[in-house]
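Note that numbering that gives the first Met the number 0 gives residue 469 to position 470 of the sequence shown, counting from 1, and the numbers run on in steps of one.
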Amino acid sequence: MYLFAMKRILSFLLLLFISQLIFAQNGDWILGHDVYHYVDRLDVLGYYRDGVDPESGSDGGLPVELKPYGRDKVASWVKQASEERMSMPEKRWQERMRVQTDDLLADSTGVAGLWGTFGTNRRDLYHVNQPGFRMYVNPVLYLTGGLDRTNDPAAAQEALPLYNNLRGLVIRGSIGEKIGFHTEAGDFLARIPEFQYRRFRATGSVDGEEEIKQFGNVNGVNYFKTRGYLTAQAVPWLRIKLGKDRVQWGNGWQSLILSDQAADAYLLNLHASFWKLEYVSHFAQFIDYFPGKNDQEGDYPRKYGAFHALFYRPVPNVSVGVFESVIYSPVQPYGRRGFELQYLNPVIFYRSVEQFVGSPDNAMIGVNMKVNLWNTMQLYGQGIIDDFNFGNRVNGPGYWGNQWGLQGGIKYYNAFTIPTLDLQLEYNRVRPYVYQHFNVVSNYSQYGASLGHAAGGNVQDWNLMLQYHPLPGWNLQLVGSMLDQGRDQGGKNYGWDITNTYQNRPQEYGNTVGQGEAWSVQQLWGRLSWQVGATDVYVEAEGRYRRESLGAATPAQSLSMMAGLRISAAPARVRW
């Protein structure tokens, strides 16, 4: 019965896609791209302050909390940015970003190219721009090589070869200026650093990827990357997205509710923009991955997520948001439950639905805020509550069921009056057992990676980031991080592994962040890249120093260096 209802709902959405599409549309910018940092600058520095968005009518500033951004939206924001207060380096950067983000502007700067077919807009390998149809085709390449040196006794050898070898194709565009599309695929071979390979051996997954296979004798992995979706602007204030991609919510380097380190998921996203409000209903199907499955055991268990977010911007430099989410499994201990249709309601509190249907699902609520100050700084924060019981405080501190997380940060643009030098400091703290559930299928994970904080629960970390564009096309990024987490010990669940069940916890009270076996990581990561013109081609070099210790064991240290070429691919973003 529920399958029939689902077909009716999807048929209605498809009809909405086809019959009401009357506004220009395109795909999204891939998460991790430099364009996100640039849009943040426009927002904080006050370069975008002309009031009303001409497409949606929203007059509350830039919606930088909800990522990814649509390509047409970014092109509009960059085009409308005021250059009056920009320094000369910023004006050069703005000129480059206008060509990179605006398809029509790039197409208008045509040249003969190669055989009159390839590279004719100075940005894309191949493009078509005809009335009612635009298409852009580019190779996806990530070709780098290097070396990882480590004193980890568990490593196969002291010096490990590193390389990334991604080869693929990305095709995007629009049909009739009504439907946006994006599809990409590529085969990825890599030899990864020892700390990542150790994680792969333990969990069978690498952050952000799926169905990883081992090759070679040491640190070799292989997987096939795919992503594809459709977008549409059903009415001026409503954007619809359907397909396979990932999202990130919040202003931080990472999010406590939806971060971009998990693998792509099949999703339906309804994003409404009107007045000073942004409202999102986000529905996704996740995979509960477990290593070692053979084909005779069937496919991986599915689970579903439903998310709401409402952001209010009373003035362009202030944003306050609230969100809620629920993760649930169609299979319960008492039998198969099926898809919960009531969670498809885009304007209802999920906790009330839980109570109404008597469901045992994993719900969460949270808040998000940002304040831009003096056209140079941003204060931001995020908080989540997975569960909380005020009454248990009288029985003692550290009740296991008080599960919450906090994030706070500050961004400083054109720091110390140095143009294009940007700094960011962020702190995260997540209590034990956050993201866990009594039903392990209903945890906050996708393909073995956390949907929220990249390290899971029972953790706190500090992160200091620097970005600097000293010359046109050049970008220097530095990230220094310190993380402390309590790991499971003696077969007891102390609340860090989100794929565990909280039913096997060792104690009711006295739970604190860092309990269990102490795991700490200090690392310094940097990347220097050079962008070729306004293309998506980058020549870059990166390095990482990492010191990791678990309990009383001797700390493992490693130093890795890589260099090479990246085209139309998101840069690696390995946090931990």
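Where is the CB? At the ideal position from N, CA and C, for every residue including glycine.
- Under the 10 Å beta carbon count, residue 114 is surrounded by fewer than 16 other beta carbons and is classified as exposed.
- Taking the Cα positions, residue 141 is about 26 Å away from residue 462.
- At a Cβ-Cβ threshold of 8 Å, residue 240 and residue 230 count as neighbours.
- Between residue 96 and residue 47, the C-beta gap is not smaller than 8 Å, which leaves the two residues out of contact.
- Within its own chain, the residues whose Cβ lies closer than 6 Å to the Cβ of residue 425, once the five positions on either side in sequence are excluded, are 251, 252, 408 and 462, listed in chain order.
- Here DSSP, grouped into helix, strand and coil, assigns residue 302 to strand.
- Every unbroken stretch of the beta strand (DSSP E) spanning 3 or more residues and falling wholly within the region 149 to 223 is given here in chain order: 158 to 174 and 178 to 190.
- Beyond the five residues adjoining it in sequence on each side, residue 136 comes within less than 8 Å, by CB distance, of 123, 124, 125, 126, 168, 169 and 170 in the same chain, given in chain order.
- With a cut-off of 8 Å on Cβ pairs, the region 306 to 321 is not in contact with the region 414 to 425, counting fewer than three such pairs.
- Look at residue 317 here: in three-state DSSP terms it is strand.
- A direct Cα-to-Cα measurement between residue 468 and residue 416 gives close to 14 Å.
- Spatial neighbours of residue 546 in its own chain (CB-CB distance under 6 Å, excluding positions within 5 residues in sequence) are listed in chain order as 521, 554 and 556.
- Per DSSP, the continuous alpha helix (DSSP H) segment holding residue 75 begins and ends at 70 to 79.
- Bounds of the alpha helix (DSSP H) holding residue 98 are 87 to 100.
- Taking every protein chain shown into account, the CB of residue 152 has fewer than 16 other CB atoms within 10 angstroms, so this residue is exposed.
- Here residue 30 carries a coil assignment [DSSP, helix/strand/coil].
- Proximity to residue 208 across 443, 41 and 220 peaks at 220, based on C-alpha coordinates.
- Here the region 489 to 508 makes contact with the region 399 to 408; the two share three or more CB pairs at distances below 8 Å.
- In the DSSP assignment, residue 367 is bridged to 320 and 381.
- Distances from the alpha-carbon of residue 489 to those of 267, 503 and 476 put 503 closest.
- Looking at 128, 93 and 83, the one whose alpha-carbon comes closest to that of residue 103 is 128.
- By the Cβ-count criterion, residue 62 is buried, with 16 or more other Cβ atoms from all chains shown falling within 10 Å of its own Cβ.
- Residue 84 is bridged by DSSP to nothing; it lacks a bridge partner.
- In the structure shown, residue 117 adopts extended strand secondary structure according to DSSP, grouped into three states.
- In the DSSP assignment, residue 547 falls within the unbroken beta strand (DSSP E) covering 536 to 549.
- Within the same chain, Cβ atoms closer than 7 Å to the Cβ of residue 117 are found at 124 and 125, the five residues on either side in sequence being excluded.
- In the DSSP assignment, residue 240 falls within the unbroken beta strand (DSSP E) covering 237 to 244.
- At the C-beta level, residue 249 and residue 427 stay beyond 8 Å of one another.
- When secondary structure is reduced to three states using DSSP, residue 504 falls in the coil class, being assigned neither helix nor strand.
- Sequence-distant Cβ neighbours of residue 270 in its own chain, meaning closer than 6 Å and more than five residues away, are 238 and 279.
- Residues of the same chain with a CB within less than 7 Å of the CB of residue 199, apart from the 5 flanking positions on each side, are 205, 211 and 220 in chain order.
- Sequence-distant partners of residue 436 (beyond 5 residues in either direction) whose C-beta falls short of 6 Å from its own C-beta, in its chain, are 361 and 442.
- Two segments are said to touch when three or more pairs of C-beta atoms, one from each, lie closer than 8 Å; by this definition the region 477 to 485 does not touch the region 529 to 536.
- By the 16-neighbour rule on beta-carbons within 10 angstroms, residue 410 is buried.
- The shortest CA-to-CA distance from residue 330 to any of 300, 264, 539 and 316 is the one to 300.
- For the 8 Å CB-CB criterion, residue 185 and residue 25 do not form a contact.
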